[in-house]
Structures are given as C-alpha cells and as structure tokens.
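So for the sequence shown, the UniProt record's numbering puts the first residue at 1; every next one is plus one. So the structure is just underneath, and the comments pick up after that.
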Amino acid sequence: MFFDTSNDGHHFYYNWTAIQGVREKEPDAVCCYATTSMEPEQAKSLAEAGISMMLMDPEPPRLPAVLGRTVMLYRLIRYCRKHGYRKLHLLYLDCLLIPLLLVWPLLLGLHCTATMHWYPTRPSKQRALSFFLGLGVIRQLIVHGEYTKRYTVERVRSSGKGAVESILYPQLHPQHANPEQDAEMKLRWGAAGPGPYLLAFGGTRYDKGLDLLLQAFAKVEEPCTLVIAGKEEHFTRKDIEAWKERLPSHCHVVTELGYIADEAVSSYFDSSDLIVLPYRRMFTGQSGPLTEAVVRNKLVIGPDHGEVGFTIEHYQLGLVFRSEDVDDLAGQITYALRHRAELAEKINANQNHYRQLIQPQFFMDKYGKTLGT
1 MFFDTSNDGH
11 HFYYNWTAIQ
21 GVREKEPDAV
31 CCYATTSMEP
41 EQAKSLAEAG
51 ISMMLMDPEP
61 PRLPAVLGRT
71 VMLYRLIRYC
81 RKHGYRKLHL
91 LYLDCLLIPL
101 LLVWPLLLGL
111 HCTATMHWYP
121 TRPSKQRALS
131 FFLGLGVIRQ
141 LIVHGEYTKR
151 YTVERVRSSG
161 KGAVESILYP
171 QLHPQHANPE
181 QDAEMKLRWG
191 AAGPGPYLLA
201 FGGTRYDKGL
211 DLLLQAFAKV
221 EEPCTLVIAG
231 KEEHFTRKDI
241 EAWKERLPSH
251 CHVVTELGYI
261 ADEAVSSYFD
271 SSDLIVLPYR
281 RMFTGQSGPL
291 TEAVVRNKLV
301 IGPDHGEVGF
311 TIEHYQLGLV
321 FRSEDVDDLA
331 GQITYALRHR
341 AELAEKINAN
351 QNHYRQLIQP
361 QFFMDKYGKT
371 LGT
C-alpha cells in the first residue's frame, strides 16, 4: 500500500514512478495507491500499469489538519489489515510525523517504510523522526540526497532498527518541445525587457526567498530581465510591483503568477538563460527547478546550504551564494552574466553526468531495490 495526502501533478508523477519501480522489482506484488483525489487521466495511468487505487476522504474541514491526517492514517491502517496488505509506504512522511505519533502502535505487525522530502526544522518533528527510526516503527526511510541522509543519521543518534537510504530526486516533468511557444514567450518577455533572462520558478512561498532575490536584483550591475513564474503564495503581485519600483533602469521584471500547465514548464526553462534559487536556510529539501535546469544544461545559482547547496557544489552544476546574503547573491548573478559562455563550457560535462543520475529509470531501479524484498 502506497499513501500520499496529495495527488496534484507534481505528486502524481513522483508517486507513479516510485510504485512502478517497486513493481519492476517485484512483478507479482499487489500494489494499491491511496490518496484523496484522482483525475481521470491519472486513474487510467494507474489501471494500465496494473496498480489499484483507493480514494480516501480528505481532511474534514472542521478538524485541525493534524487531527484530520490522524483520522486518515487510522482508516488507512484499518484498510491495510482488512485487505491483507503487509507493507505500507508513506510517500510524504513530512506532513505525517505528528499524526503518526498518535497511531503508531497500530502499525505493529505492518512493515512500514516512508519517504521524507525535507528534513524537519521543528524540534517536535525531529524527535518524532528519531523515535520512529530508533524503535523501528519506520523500517526504511528514503531521502533525496547524501547531505540529507548524513544530516538525518547524525541527528537521530541511534543504532535503532530504521535505516536511511538516499535516492536522488529524479527529473519527472514531461519535456514538451514547443518552438512556437518558446518564440511567443521570448516575444512576451522581450516586450518587458532585454535578455539575458533569469528565471525564478515555482511559486512565491516565503522559504523560497523571492524578497531576497528582488533586493539582490536591485544591485545587479549588468542589464537583464528577471522572470518570476509560478503560484502566488506568501509574496503577492502587489509586493512584487512595489519592489520593481526600486530597481535601476537596466533591471527589468516579468511577473507571470498563476497555474502553469505541464506543457508550458519546458518553455520557461528552455527560454531562460540562468536559473536562480534564492532559497532561505529554512528550505531543507531538494529543488525541482534545479533538476529542470540541469536537464536543459542551464546555469544554476543557488544557496550554499542544505541539500540544494550540497548538490550544486558537489556535482559542480553552477554557482552558490552565501545563504540569505543579498550582496553575495547580487555579486554571483553579476559574475554569471559577465561570464556566461565560460561558465556554460565549464559545467557542461558535470551537468551531463548529473543528468544521467536523475533519469527516471535510475530512480525506479533504486526505489525497487530499497523497498523490494
């Protein structure tokens, strides 16, 4: 049994690929995917792959999120026992650590494994993780990168029964080559400002540091245009407009907030020259835009902390700046703009190597070996 509380496009691509990896390793395994919503196309993909599905009621609106997820876990465990599922894999442990504390005794007798996408920053969640791994409630924990694996093992400080395994986050977004859409995008951007084009992609959550990027952008010394694309979240369009008024005349901003269809994602990255990841220190996971950039041999500028910083530096995929240091970020952007051709040549072989490591098949093989018997 595989379970995720969310099943939007990003989650579904990941989950479907992970389950396929297990099925390739164990062709006779009976696999079921439990989640809270399902699009017809997703249901069709699961059926064609021989994966059954279980739709669960979402969190009751009147209950706090923690209690709602606890109820879902309770129902899920009962379903597993009633229908003979011996193994349960939690595909997104991050939001289930506290709910799991309330129902963990019910897992006794089940082989429970999990994937953690972010190292928890809250002490209560850190203690919960240590408890589950130390006691063997979670037999196997998958994380995305050696940095997170080492960080987790160091802080668990236990020779308990739970093991931690690193599997690199894969490139899962379908690549849609669309020259017409690329040309239209470049025309749209060109009307706002000249290239080179810097891309900040993936929403305006606080931890992604858009405010830090715009403060740094005001200090960039070369003419360029920053494209901000993704879901409007913590920072709003109004916030961005206010920051734009403080920019020098050679720095331009294109704001394209809202839902971005999968077929348009490729055009954003293909049409950009540099990908900027201005994440705060609280951002402890791996980055989807980093993966998308490397697949297209785009220069990446990211923070020097966490899994993102480790990945960029260890695999030499681009430049890093001192996390949350606006002046250093501005300096690295300026340097990248002045030495684009030189840097592109320098990192080309490194990005090609890393691209092989994040292929979906490689990811599926490792998932299958980790969770298979």
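Positions of the beta carbon are idealized from the N, C-alpha and C atoms, including for glycine.
Beta carbon of residue i, beta carbon of residue j: below 8 Å?
i: I301; j: A344; result: no
i: residue 376; j: E165; result: Coverage of the chain is limited to positions 1 through 373, which leaves residue 376 absent and any answer about it impossible.
i: L210; j: F269; result: no
i: P120; j: L129; result: yes
i: L88; j: C95; result: no
i: V253; j: S287; result: no
i: D207; j: R280; result: yes
i: P56; j: C32; result: The residue asked about is misnamed: residue 56 is Met in this sequence, not Pro. In this structure, C32 does not lie closer than 8 Å to M56 by Cβ.
i: G372; j: E26; result: yes
i: L107; j: I77; result: yes
i: W189; j: V153; result: no
i: D273; j: R322; result: no
i: E232; j: G258; result: yes
i: Q332; j: N297; result: no
i: H144; j: H117; result: yes
i: E222; j: T334; result: yes
i: T204; j: H234; result: yes
i: Q181; j: S52; result: no
Please list, in chain order, all residues of the same chain as residue i whose beta carbon is under 6 Å from its beta carbon, the five residues on each side excluded.
i: L73; result: P99 and V103
i: L214; result: W243
i: S37; result: N7
i: Y85; result: M1
i: A114; result: L90, L93, I138 and L141
i: A330; result: A216, K219 and V220
i: G21; result: M364, Y367 and G368
i: G306; result: T284
i: residue 374; result: The question about residue 374 has no answer here: the residues shown for the chain are numbered 1 through 373.
Can you give the beta carbon distance from residue i to residue j, rounded, assuming they're within the 8 Å contact cut?
i: L172; j: Y13; result: 4 Å
i: P360; j: T17; result: 6 Å
i: C251; j: A218; result: 7 Å
i: P194; j: T225; result: 6 Å
i: E15; j: D4; result: The sequence shown places Asn at residue 15, rather than the Glu named in the question. Rounded, the Cβ-Cβ distance is 6 Å, consistent with contact.
i: E59; j: G68; result: 3 Å
i: Q126; j: R150; result: 15 Å between Cβ atoms; not a contact.
Grab me the residues of residue i's own chain with a C-beta within less than 8 Å of its C-beta, minus the 5 sequence neighbours each way, in chain order.
i: E24; result: M364, D365 and G368
i: L290; result: I275, L277, V300, G302, V308, T311, I312 and L317
i: D327; result: A216 and K219
i: I358; result: L168, Y169, P170, Q171, T291, V294 and V295
Near residue i, which residues of its chain fall below 7 Å by C-beta distance, leaving aside the five closest residues on each side in sequence?
i: V66; result: I98 and P99
i: K186; result: S271
i: R355; result: V294 and V295
i: T70; result: P99, L102 and V103
i: P64; result: none
i: V320; result: G302, P303, D304, G309, I312 and E313
On the DSSP bridge list, what partners appear for residue i?
i: C32; result: S52
i: K44; result: Paired residues: none, contrary to the question.
i: V320; result: G302
i: F3; result: A34 and L90
i: V295; result: BP columns for V295 are empty, so no partner.
i: L274; result: L198 and L299
i: S166; result: V143
Please report the residue range of the beta strand (DSSP E) in which residue i lies.
i: F362; result: That residue, F362, is in no beta strand (DSSP E); its alpha helix (DSSP H) goes P360 to L371.
i: T113; result: H111 to T115
i: F201; result: Y197 to F201
i: T225; result: C224 to G230
i: V254; result: C251 to L257
I'd like to know if residue i contacts chain B, where contact means its C-beta is closer than 8 Å to some C-beta of that chain.
i: T115; result: The structure shown contains no chain B, having only a single protein chain.
Within the continuous alpha helix (DSSP H) that includes residue i, where are the two ends?
i: E342; result: R340 to L357
i: I142; result: No alpha helix (DSSP H) holds I142; the beta strand (DSSP E) holding it covers Q140 to V143.
i: G68; result: A65 to K82
i: Q126; result: P123 to L135
i: E285; result: The sequence given here has Gly at residue 285, not Glu. From DSSP, G285 is part of no alpha helix (DSSP H); its letter is neither H nor E.
i: A192; result: P179 to A192
i: V103; result: L97 to V103
i: D57; result: Where D57 is concerned, there is no enclosing alpha helix (DSSP H), given that its DSSP letter is neither H nor E.
i: Q171; result: Per DSSP, Q171 belongs to no alpha helix (DSSP H) and is neither H nor E.
i: E245; result: Here E245 belongs to no alpha helix (DSSP H), and DSSP marks it neither H nor E.
i: F235; result: Neither: F235 is in no alpha helix (DSSP H) and is coded neither H nor E.
i: D211; result: L210 to F217
Indicate, with yes or no, if the ligand FAD has a heavy atom lying under 7 Å from the CB of residue i.
i: F321; result: Among the components modelled here there is no ligand, and therefore nothing to report on the ligand FAD.
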